[in-house]
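Scroll down for the structure; my scribbles are underneath it.
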Amino acid sequence: MRFSSGTRLSAPMILMGIMALAMILLMLRSAGLYPGVLGDEYTYSTMSRSMPLSEAFIPGYLYLAIYNLTNVCGSGFLFCSKFFNTLFFVAAAPFIYLVARRFCGLAVSLLIVAISLLGPVNSYTAYYMPEPLFFLSFWISIWYFLGLDVKAPAKKWLLFGFMMGCSALVKPHALLIIPGFCLCILFFSYKGTEKWLTVGLKNAALFVGSLLATKFIISFLVAGKAGLTLFGSFYNSTLESSASTLQRYLDILMVTPTIVEGHLLANTVMFGTAVAIILFGSIKALANPNLSSDDRIAFCTLALWLNLIAMVTLFSASVAGTNAIETDFRVHMRYYNFMLPLLFIAAGSQLDRMHGESLKYWRLAVALLVLAILGYAALTYLHPYTPSYVDSPELRGFTLNSRVFMLLAGFCAFTVLLWYKSASAGSIVFVCLYLPVSIAISTAYNNAEVRQRMVIDTYDKAGLFAKSYVPENELSQLAVIGENPAHTLRALVYVDNRHAVRDLSYVPGQPYSAAQTAYDKKWILAIGDVQFAEDEFDVIKLNGFSLAKKAIKLYPLQLGFNGAQWPALVAKVSGLESPEAWGAWSIGPTVRIELKKPLPAQFDLTLNAKAFGPNAGQAINVEVEGRLYPFDLGVNMTSRTLRITTSGKTESLTIRIPSPVSPKALGVSQDDRPLGIGLEQLDIRQVR
703 MRFSSGTRLS
713 APMILMGIMA
723 LAMILLMLRS
733 AGLYPGVLGD
743 EYTYSTMSRS
753 MPLSEAFIPG
763 YLYLAIYNLT
773 NVCGSGFLFC
783 SKFFNTLFFV
793 AAAPFIYLVA
803 RRFCGLAVSL
813 LIVAISLLGP
823 VNSYTAYYMP
833 EPLFFLSFWI
843 SIWYFLGLDV
853 KAPAKKWLLF
863 GFMMGCSALV
873 KPHALLIIPG
883 FCLCILFFSY
893 KGTEKWLTVG
903 LKNAALFVGS
913 LLATKFIISF
923 LVAGKAGLTL
933 FGSFYNSTLE
943 SSASTLQRYL
953 DILMVTPTIV
963 EGHLLANTVM
973 FGTAVAIILF
983 GSIKALANPN
993 LSSDDRIAFC
1003 TLALWLNLIA
1013 MVTLFSASVA
1023 GTNAIETDFR
1033 VHMRYYNFML
1043 PLLFIAAGSQ
1053 LDRMHGESLK
1063 YWRLAVALLV
1073 LAILGYAALT
1083 YLHPYTPSYV
1093 DSPELRGFTL
1103 NSRVFMLLAG
1113 FCAFTVLLWY
1123 KSASAGSIVF
1133 VCLYLPVSIA
1143 ISTAYNNAEV
1153 RQRMVIDTYD
1163 KAGLFAKSYV
1173 PENELSQLAV
1183 IGENPAHTLR
1193 ALVYVDNRHA
1203 VRDLSYVPGQ
1213 PYSAAQTAYD
1223 KKWILAIGDV
1233 QFAEDEFDVI
1243 KLNGFSLAKK
1253 AIKLYPLQLG
1263 FNGAQWPALV
1273 AKVSGLESPE
1283 AWGAWSIGPT
1293 VRIELKKPLP
1303 AQFDLTLNAK
1313 AFGPNAGQAI
1323 NVEVEGRLYP
1333 FDLGVNMTSR
1343 TLRITTSGKT
1353 ESLTIRIPSP
1363 VSPKALGVSQ
1373 DDRPLGIGLE
1383 QLDIRQVR
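Following our numbering, the residues of the sequence shown are numbered contiguously, the last one being 1390.
Put into structure tokens, the structure is as follows:
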């Protein structure tokens, strides 16, 4: 590109400009956003920031190790995660460009990079999730793979396996792409060498072996035996619990067509021409003896795309119906939208191509099939499928406005018809006009929805308050309850302590009791109109949420005088000698017990005690608020119980000894301590 002044802009300069612009726009878009993907953000922030790698239940150890660095950011860890996300996401641009340049012209390649970076898939940079780093790892791997020749030496196939193994250490979902890559390896060998089966199987074995070795060796080194798992305990337990009976397998089989239909409708209505191009390109690749570069990218894209749709379908079917959220109408495009730029590249490869006479009926069949699917999707408005800005940001933005949806669907259908007549004209309109317009609209609508998390809600406020109020060393003793259990995870993101949990025993409308609380929890963050059992918690009520602390169980209060630690309620005890194995002697005329909170309005005071010397048989008094409660003791340990009434305001009681005397004065020994009574135990039991 050259300006009138003669200044020339090279492709690297333009690429860097696109990357810089994307970095700035995405950081501005994400600034000030509160967590929005509840379970995922809590899960990944907890695993990366608070857990040892050996305890992580999703084995994305490379991702977890990198994002552990957000601990350096302190309370700003969410901002740091967004910065990392954006940096990794934008870093994929050179690899998208390099892949595109193998099949497309310079200007089109740069356009595809811009469309890819500024498309709805960038919404994942706003969340504490591994998608952006996985996006980068995939594009590094696919760039390397598409540059491999079937006759490449073994070390290159091992290196490709290593790259994908590292990708699997970001997200184990990379393992789901293995069948698609193996199919491509075998097919490219079939087209490129006579001993295709031997060469293909050898290359595929090197790739898969290196991938698995990379994953398991690194996993074992950083996580020990716990790392020797394909998908981790989280996904293993989910799949095992979701498919445990014959009836469940039948249910999975029944919903599979519905899920496949949703993905095919969604992709076709948005990218119909690209779908037609990869279908027809794959047919040409099968029919022609030689494999052109256009057909190579078409076949590879179709293989990976169908592979991932199949895998996502199996997963979605296995969890459908397990809860209110997981249905067969969710369109989980986020498990493969990282590869959608391959569709754009496949379409971009046709900008200067012409249709030949051969396979014209196949081309017609492909066009009619795509138009039929596209038309059905448009007429039904994709009902009853439920796209969301988390599961399928591209589709959510595309369908948010019904009028815009119909216009875009019609525009897409027009490009398919145009492609049928002319490969070049249809591809030019699709890539250079339709894609920028549809992606821009989808991104705008999707960003508007994502930006709704700019407004702080009660769950955000509750989590932030708990983090600032509860002592750091007691955050592990926090439980969160609320009417919406899913949203309580958002509060836990801010609490940022792996041992803080949700208490799902709370039943809306019923008072929450201390008996429901786990033994190791004493703080309760209650979001919404939650009532607490009377006298069981000290509650701070705030706007929309409460923070409660288990009330110290004051009574019955037991004081042992043989050296045991005083209960937390006891502030001070005076008038006692050092404890002995059986208890302690009183010294002087009084024993005074001071508490941190007032005595009950009425209580029973039980003493296990004995008298010394002349105090036996005499009236010994307990004094509370100036009122005396007499009792007597013998020389042997005896139990006495007194019913005492107070104003409910006093915090102390005094035991008055009538005749303290030393053993020396009685000629018993040389002990000159003025002893009165020997106390073994004192109990206070509230009377209601």
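Every residue gets a Cβ at the ideal spot worked out from N, C-alpha and C, and that includes glycine. The model shown is predicted, which means the values in this text are computed figures rather than measured ones.
One question on the structure: do residue i and residue j come within less than 9 Å of each other, judged by their Cβ atoms?
i     : j     : result
T1308 : R1358 : no
S921  : L871  : yes
L1377 : P1360 : no
L1044 : I887  : no
V1232 : I1183 : yes
L1423 : M1013 : Here the chain covers residues 703 to 1390 and nothing more, so residue 1423 does not appear.
G734  : T1145 : no
P1187 : L1206 : yes
R1192 : P737  : yes
F805  : I999  : yes
W1121 : A1069 : yes
D1334 : G1315 : no
A1228 : D1240 : no
M831  : N770  : no
Y1078 : T1101 : no
L766  : A795  : no
E1059 : V823  : no
I1047 : T1117 : no
G894  : D851  : yes
Using only alpha-carbon positions, find the residue among the options that is nearest to residue i.
i     : options                    : result
A1235 : L1227, G1246, K1252        : K1252
A1111 : I1143, G1336, I720         : I1143
L1053 : S1126, S1371, T1356, L1137 : S1126
W1287 : K1299, P1300, F1263, P1213 : F1263
N905  : A816, K857, I1242, S1129   : K857
L740  : P1269, P1281, V1195, V901  : V1195
L1271 : A854, D1385, S747          : D1385
A793  : G926, M721, T1029, E833    : M721
I1289 : G1277, A1283, K1298, P1281 : G1277
A1005 : F982, N992, C775           : F982
P1291 : C884, A1283, E1279, P1300  : E1279
I1075 : V977, A1313, S1248         : V977
K1243 : G1230, L1071, V1092, G1128 : G1230
V774  : R751, P761, F791           : R751
I1130 : V810, S994, A854, I768     : V810
Quickly, what does DSSP pair residue i with across the bridge? List them, please.
i     : result
S1276 : R1294
F1385 : According to the sequence shown, residue 1385 is Asp rather than Phe. Q1260, T1308.
G1184 : I1229
K1251 : W1225, D1240
F918  : BP columns for F918 are empty, so no partner.
W1284 : Note: W1284 sits in no beta bridge, so no partner.
E1325 : L1330, T1356
G1380 : W1287, K1312
How long is the line joining the alpha carbons of residue i and residue j, rounded to whole angstroms?
i     : j     : result
T970  : E757  : 41 Å
G708  : L789  : The predicted model places G708 with a pLDDT of 49, which falls under 50 and marks its position as unreliable; any figure quoted below should be read in that light. Their backbone Cα atoms lie some 33 Å apart in a straight line.
L1042 : D742  : 22 Å
Q1372 : G1380 : 19 Å
L1073 : G974  : 8 Å
G863  : V1139 : 37 Å
G849  : M866  : 15 Å
F837  : D1222 : 41 Å
Y763  : F781  : 21 Å
L903  : G911  : 12 Å
M972  : C1114 : 7 Å
G1328 : V1275 : 19 Å
H1201 : G776  : 18 Å
Y1037 : P1089 : 14 Å
V924  : S783  : 22 Å
Would you check whether the ligand NAP has a heavy atom nearer than 8 Å to the C-beta of residue i?
i     : result
D1237 : In the structure shown, the ligand NAP is absent, as is every other ligand, since no ligand is present at all.
With a cut-off of 8 Å on the beta carbons, I'd call residue i and residue j a contact; round off their distance for me.
i     : j     : result
A1303 : T1348 : 6 Å
K986  : L1061 : 6 Å
A1168 : L1180 : 6 Å
S825  : N1148 : 6 Å
F759  : G934  : 5 Å
A1049 : F1132 : 6 Å
A828  : V1152 : 6 Å
D1030 : T960  : 5 Å
F889  : P834  : 31 Å between Cβ atoms; not a contact.
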